[in-house]
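Line by line, the protein sequences give chains Y and B. The first sequence begins at 1 in the numbering used here and counts up one residue at a time. The second sequence begins at 1001 in the numbering used here and counts up one residue at a time. See below for the structure under consideration.
2 protein chains.
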Amino acid sequence: MTNKNYQQLVEKLSEISYLNGVMSTLGWDQEVVMPMGASEARAQQISALAGVIHERTTDLRLGDCLAALETEDLDGFNALQICNIREARRKYDLETKISKKLVKEMAELSSQGHTVWVAARQDNKFSDFAPLLKRFIKLKKEWAQCVFPDMEQYDANIDNFERGTTMAEITPIFERLKMELIPLIQSIQDRQYQPDSSFLQGTFPVGKQEALARKISKDIGFRFDCGRMDVSVHPFCGGSHPTDVRITTRYKDSDFIESLYAVIHETGHGLYEQGRMLEERDLPASESLTMGIHESQSLFWERMIAQSKNFCVHYFETIQATFPDNLQGATADSLYRAINTCKPDFIRVEADELTYPLHIILRYEIEKGLFDDSIAVDDLPEVWNDMMMKYLGIKPPTDTLGVLQDSHWSSGAFGYFPSYTLGAIYACQFYKTMTNELPDVENKIETGNFAPIKTWLNEKIHRQGSLYTPQDLVHRITGESLNPDYFIDYLKRKYSAIYQL
Amino acid sequence: MTNKNYQQLVEKLSEISYLNGVMSTLGWDQEVVMPMGASEARAQQISALAGVIHERTTDLRLGDCLAALETEDLDGFNALQICNIREARRKYDLETKISKKLVKEMAELSSQGHTVWVAARQDNKFSDFAPLLKRFIKLKKEWAQCVFPDMEQYDANIDNFERGTTMAEITPIFERLKMELIPLIQSIQDRQYQPDSSFLQGTFPVGKQEALARKISKDIGFRFDCGRMDVSVHPFCGGSHPTDVRITTRYKDSDFIESLYAVIHETGHGLYEQGRMLEERDLPASESLTMGIHESQSLFWERMIAQSKNFCVHYFETIQATFPDNLQGATADSLYRAINTCKPDFIRVEADELTYPLHIILRYEIEKGLFDDSIAVDDLPEVWNDMMMKYLGIKPPTDTLGVLQDSHWSSGAFGYFPSYTLGAIYACQFYKTMTNELPDVENKIETGNFAPIKTWLNEKIHRQGSLYTPQDLVHRITGESLNPDYFIDYLKRKYSAIYQL
């Protein structure tokens, strides 16, 4: 490739990628190792670096480069190169199509937002949060108008996280989920039975939890020579590069399942990052696709693999040997049942896989309503509680346990929530295809032979980077569009068996 | 302060300071937590950030700002502001007075240098290193010509680390040291006696070493809410800000003294950084002065305090309780003697405080000779070994244990070595003044009352930032110029007593 403009583009994009890697390292450092007293200095460092990155991503010469390439004949370019140009254009437009005034307003609101939200949540006072929320919706509508003027404003916000995905696609899928899952959850409630999980209570030394989590993360393929595992307040997957992927978890000595499954979840994200293509690693083509596809990878390992019966069979002895006092009377089967209980509750992040989609659908419908003005911000607590009642049969006693529970809106992240459940549906559909393509997946899991599974995901998803839209990718892999049938079928069969419906 | 030019200068200098803090975090991360596989990506990230910092530090608008301020009447400016302008000018000139070609040549040679040096040292083959060394000396002479055209070339290199300090000051001091220390070491050798240190051999669990080191670091004043202590291959003090100071050490389970005293040494550096003035924290005026003054702080705690008898008395019981099996038969006095043995050996970094200056003087005289062409690179192994014989009475059996042992020359750091011993002399002179100003320092140490000592150093040195030259600072604190008498006197009295001379 001797095209001058393309060479210049690659140089500029690589520099941005390196600087983003630096920013990512700062973020990890802040969450994991930074001394408490350094927070003010760190904020200034991050702001200075953000300024540099903004300068680079909005550099007029980057725009000129792109404009020149777009007038050229790209016949000699390969798919990765064309993808780099397309992705760079998308990002450049996202950065430059909005006025400095709007950027500044959003940044300021976002930095206030967290503090206001924390206080309102603490005081259980939605009315303290409402004015900020109103301003943010207004700004995000303006933002949508600027960056994707041809789209519905909420679609534009979704597109920011889940490109190419619109309400037209999501709404029918979510309607089907509601139709199928609400009665299923209801019948579990009616059953008035819960599997025994008493052996998951007790004391589980953190050191042993950590060793177990590290072993399982390694078993399923996380490369510790190109990654780390540490402790942070909220589990996350960060790091600066495919060769530097950092997952975190947190430990409570009263519960090892939460931490272990957080590690498996973050390992799923981590395998996506570590599994990126070997070429173009510092260019957009190699980057992970969307939030939903990323979530499909974490949920693939957390739910499809690690919440399966076969996984429990494989690891039961190891887990029992790790915590012999606690799991004396348990079996692989009772472990499987205990980690797959379903119980409607108020908090999304603690929800089980069956009730989780309804938490998401509720938020999706509210965001949709806020953007088409069919729901008013001031009515949100009531709307929220009514929906909770309708979908999960429970009513939050406080807004802290209801409409104020999530941080997303305080930073203006509208359109993000659907990705969680789209990820779960993708995961199930991918899993289904994998079982058709790989012989005897269940046996592989039961014998701890995870390598073929990881390799399949590497090839089908991780190495595809940003080459395709999520729609194209799912079609290439599974031969059909995103189809919630597999997810519904999986949930119905699994939970009907556990709850003997 | 409403001066526009000064405001602009402050903005630019602060941004550079924040970005340097980011760079420093990357460096710490690389040495302490980065996964092995990430080294290539990290090099690219560092290089991208270095490019940005270089762009900022050589920004013509920064130069314009300075030039404008230098024509103004600075009557309304306070000492800190004037210092910021002066320091900014110095740094700007250092960055901009050299051609891009020279910058590039030095950077390239430096990055090759390490690899070439490692291989040559491994192969014990000085001739493999000699060509690179010759090129580096040539470049550093050129560099000196550009940045400080009025100085001797070696003085310019010293000034880079120890500003205001020249051969004219150093040479007579080093001559005195030679005159006094060589016979002292010789008489210790002749004495054919060594204090018993057998109780320092054995097994010392790393966990216990770590807890002990952390306790002592905290006792003498290191703030762990604004700092950390971790493990790295070579101990260092890093971090991104006075509120984020990170010291490291390394552990061997066969030796707790090495690690403990490395922690105390790095704590001394760390206290300097944590103790910087509260104003102007992101501006040059608050920054630490020179390498020599920094080293005076680490050596102050390591030698003047922690190698003293009183310190051994204070901590003996704690240390004995930490390693009861090993230190059963020891006493505070035998511990003091055991950690203060003197024995000429080949390696500088392992040398005791009495032989250390001669390792430095040897290097200083060689560098001086290389820069005034009285010593040829090809003769270095022989020159080195002859000097070792003359100064310490031993001859390195290999160049790996001789002329090839230090990494400094491989990165072009000529003029750095003197700072180590200047630091030791400063430390002793400061200590002497402190004992005149603070009542009963020895008793304070013996009772673990370190706070007044730390406060004295905070006020006299740490909070003075870069306001004065080292020459002015030592005069302000001690009422006289740098005076090796205190150092010589200290060494003579201490080692005469231990070795009963």
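Even for Gly, the Cβ is constructed at its ideal location relative to N, Cα and C. The structure presented is a predicted model; accordingly, all values stated were derived computationally and were not measured.
By the CB criterion at 7 Å, I445(Y) and C342(Y) fall outside the cutoff. Looking at F222(Y), A306(Y) and C83(Y), the one whose alpha-carbon comes closest to that of G1037(B) is F222(Y). Around H1462(B), no beta-carbon contact reaches into chain Y at under 8 Å, the shortest distance being about 16 Å.
Segment contact: the region 419 to 433 of chain Y against the region 286 to 293 of chain Y, three or more CB-CB distances shorter than 8 Å; contact assigned. Between the region 27 to 35 of chain Y and the region 1223 to 1236 of chain B, the count of Cβ pairs shorter than 8 Å is three or higher; the stretches touch.
With 16 or more neighbouring CB atoms inside 10 Å of its own CB, Y272(Y) falls in the buried class. Contact between the region 1075 to 1093 of chain B and the region 1112 to 1131 of chain B is absent: fewer than three C-beta pairs spanning the two stretches fall below 8 Å.
Closer than 9 Å at the C-beta level to chain Y, one finds these residues of the region 1235 to 1268 of chain B: G1239, S1240, H1241, P1242, T1243, D1244, V1245 and R1246. DSSP lists no beta-bridge partner residue for D1073(B). Chain Y has a Cβ within less than 7 Å of the Cβ of A1038(B). Annotated three-state conformation of H1241(B) is strand, per DSSP. The contact set of E1015(B) on chain Y, defined by CB atoms closer than 7 Å, consists of A48 in chain order. Counting the other CB atoms within 10 Å of its CB gives I347(Y) a total below 16, which places it among the exposed residues. Chain order gives the chain B residues near L26(Y) as V1022 and T1025, where near means a beta carbon separation below 7 Å. At least 7 Å separates the CB of G1479(B) from every CB of chain Y. For a Cβ distance threshold of 9 Å, nothing in chain Y lies close to L1060(B): the least Cβ distance comes to about 16 Å.
Secondary-structure assignment with DSSP links K252(Y) through a beta bridge to D255(Y). Judged by their CB atoms, T1057(B) and I1082(B) are not nearer to each other than the 7 Å cut-off.
When beta bridges are read from the DSSP output, I1247(B) appears opposite M1229(B) and C1237(B). Residue-level contact check: G402(Y) does not touch chain B, since none of the beta carbons of chain B fall below 7 Å from its beta carbon. With distances taken between CA atoms, E180(Y) lies nearest to I361(Y) out of G21(Y), I361(Y) and G268(Y). If you look at T115(Y), you'll find it in the alpha helix (DSSP H) that goes K100 to D123. Per DSSP, the unbroken alpha helix (DSSP H) holding W1384(B) starts and ends at L1380 to L1392. Contact check for L1200(B) against I1257(B) passes: the beta carbons are separated by less than 7 Å.
Less than 7 Å separates the beta-carbon of S1466(B) from that of E1087(B). Interface annotation, Y1018(B): in contact with chain Y, CB-CB separation under 7 Å. For the pair of segments examined, the region 1438 to 1455 of chain B was found not to touch the region 1154 to 1164 of chain B: the number of CB pairs separated by less than 8 Å stays below three. Taking a contact to require three or more Cβ pairs closer than 8 Å, the region 1422 to 1439 of chain B and the region 1240 to 1251 of chain B do not qualify as touching.
The Cβ atoms of A1338(B) and F1316(B) do not sit closer than 7 Å to each other.
In the three-state DSSP reduction, V1313(B) falls in the helix class (H, G or I). Under the 8 Å Cβ criterion, the region 1166 to 1183 of chain B counts as touching the region 1474 to 1492 of chain B, having at least three qualifying pairs. A straight line joining the alpha-carbon of T1171(B) with that of P1357(B) spans about 13 Å. Counting only unbroken stretches of 4 or more residues, the alpha helix (DSSP H) elements lying wholly within the region 1423 to 1488 of chain B are 1441 to 1446, 1451 to 1460 and 1470 to 1478, in sequence order. When C-beta distances to chain B are compared with 9 Å, the residues of the region 218 to 235 of chain Y below that value are R223, F224, D225, C226, G227, R228 and D230, in chain order. Per DSSP, M23(Y) is one residue of the alpha helix (DSSP H) stretching across K4 to V32.
Against chain Y, the beta carbon of M1034(B) has neighbours under 8 Å at D244, listed in chain order.
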